[in-house]
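Here is the structure we will look at.
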Amino acid sequence: MTDPVIRRVRLQEWREVRDLRLRALRDPAAPIAFLSTVDEALSRDDAFWQQRTADAAMGEDAAQFVAVVGERWVGSVSVLLREAGATDTLGRSVDVPQADLVGVFIDGSHRGRGILDALVDAASVWAERAGPSGLTLDVHVENARARAAYARLGFAPTGREVETSSGREIQMHRPAR
Ligand SMILES: CC(C)(COP(=O)(O)OP(=O)(O)OC[C@H]1O[C@@H](n2cnc3c(N)ncnc32)[C@H](O)[C@@H]1OP(=O)(O)O)[C@@H](O)C(=O)NCCC(=O)NCCS
């Protein structure tokens with residue numbers, strides 16, 4: 566199979582951003598993988614996806630990377646930079662600047678092929694240029710596949726855990742390389 570192209574999303578690609586997000590939210594693992602739902606995503610208007618895509622494509626404190634095979638988007642990760650004193654996705658106060666990896670998704674038919682590794686590498690390079698040291702993420706305690714993948718990629722638990730309405734989230738960090 567052709568290797569995917571790994572790149573940042575482009576300003577005009579809001580329909581592709583929306584469609585990949587909907588595919589991710591329809592994945593069987595979505596309830597333990599993502600904080601939002603298909604219904605929430607469907608309730609957003611075009612302006613929401615256009616703004617989200619503009620931030621992901623051009624923002625200085627956010628970026629979204631995608632894996633593309635031919636015309637098809639087969640995976641994505643996003644990075645959100647948080648200043649000290651900010652609040653993160655799970656409502657915790659951030660002590661030192663950090664780069665959060667969110668929205669991690671590989672299409673079911675493309676898993677186990679190293680695409681996640683390439684996306685995380687792209688996110689890492691971007692985050693390191695922006696400042697914070699390394700990448701931080703949260704993973705649901707029952708998301709065994711994601712936990713195994715993150716461990717393989719060098720992420721380790723920080724010891725910070727949060728109980729959410731859908732269960733326990735474990736924070737992991739990978740230092741800059
Ligand atoms: C999580 C996800 C991004 C990982 O990408 P991937 O291509 O599937 O990851 P890989 O196949 O490279 O790695 C998965 C690891 O889990 C292991 N694994 C697979 N199924 C497993 C299971 N049911 N239980 C435990 N480990 C499992 C694999 O052996 C592999 O480990 P290894 O590299 O040490 O052999 C992808 O599966 C996905 O998009 N899942 C749905 C959305 C999601 O959960 N996102 C993460 C939110 S935090």
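To get my numbering, take the position in the sequence shown, counting from 1, and add 565.
Positions of the beta carbon are idealized from the N, C-alpha and C atoms, including for glycine.
Owing to the predicted nature of the structure, the values given are computational and were not obtained by experimental measurement.
query                                                                                                                         : result
Neighbourhood of W579 by C-beta distance below 6 angstroms, restricted to the same chain and skipping five residues each side : W614, Q615, T618
Extent of the continuous beta strand (DSSP E) run through S641                                                                : 637-647
Cβ pair L681, D665 closer than 7 angstroms                                                                                    : no
Alpha helix (DSSP H) segment containing V685, residue limits                                                                  : 680-695
Own chain partners of L655 with C-beta closer than 7 angstroms, once the 5 adjacent residues on each side are dropped         : D703, V727, T729, E734
From F720, V690, V642, residue whose alpha carbon lies closest to that of V574                                                : V642
T701 burial status per 10 Å Cβ neighbour count (16 or more: buried)                                                           : buried
Contact check, G696 vs H738, beta carbons under 7 angstroms                                                                   : no
Neighbourhood of L585 by C-beta distance below 6 angstroms, restricted to the same chain and skipping five residues each side : W638, S641
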